[in-house]
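Below is one structure; the comments refer to it alone.
Residue numbers (my numbering): 141 to 328.
In structure tokens, the structure reads:
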């Protein structure tokens, strides 16, 4: 009797990865890790973004809380050493929320009705003796801003209120007269 082979004729496929595929995967992982590690090398690399996002978040919270109520405000107060800042949302004088942020190595300025880019026109410094306050009306609109001592550009916002962090457009915050806070320069 003729014994036939049990193996089909095209059975010589190999299972696994080729050396080229493995080298490409290692190369891609190396590029990703080098890119990611450069982001973590400086402890202050994200501080500006965190401060910017907390200012936006708290301003939006104050605006939403003001709908139908009024007397809601967001207060940004650096400590005397300039290493931390407190961002609070207040109704009348009661704190609804409060965050303490590290602002080490950051310069924070603010203005009302100044819509120039933070990169071109530096604002007035926000300090512990003159915190920056935004007050929202019952329609959620921005009715007042105050706080920076000696700044002629504070009061009723007619065009916008801006926060500049390190005079960098990427870290700046604009609050429109309608009360909406957004990142970047004021688009007026």
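Glycine residues also receive a C-beta, built at the ideal position from the N, C-alpha and C atoms.
Alpha carbon of residue 318 to alpha carbon of residue 223, nearest angstrom
32 Å
My assumption, with CB atoms under 8 Å, is that residue 189 sits in contact with residue 311. Please give the rounded CB distance.
For a cut-off of 8 Å, the C-beta gap from residue 189 to residue 311 is around 7 Å, short enough to register as a contact.
Any contact between the stretch 297-307 and the stretch 263-278? By contact I mean 3 or more CB pairs, one from each, below 8 Å.
yes
Under a Cβ-count criterion, where at least 16 other Cβ atoms within 10 Å of its own Cβ denotes burial, should residue 158 be classed as buried or exposed?
exposed
Option in 214, 193 and 220 with minimal Cα separation from residue 233:
214
By how many angstroms is the C-alpha of residue 164 removed from the C-alpha of residue 177?
20 Å
Does DSSP put residue 305 in a helix, a strand or coil?
Residue 305 falls in the strand class under three-state DSSP.
Element boundaries [alpha helix (DSSP H), containing residue 189]:
187-206
Since residue 276 and residue 198 are thought to touch, with beta carbons under 8 Å apart, how far apart are those beta carbons, to the nearest angstrom?
Not quite, the Cβ-Cβ distance comes to about 11 Å (not below 8 Å), so this is no contact.
Name the DSSP bridge partner or partners of residue 177?
Answer is none; residue 177 lacks a bridge partner.
Can you tell me which of the three DSSP states residue 246 falls into?
Reduced to three states, the DSSP call for residue 246 is coil.
Identify the continuous beta strand (DSSP E) that holds residue 322 and give its terminal residues.
321-323
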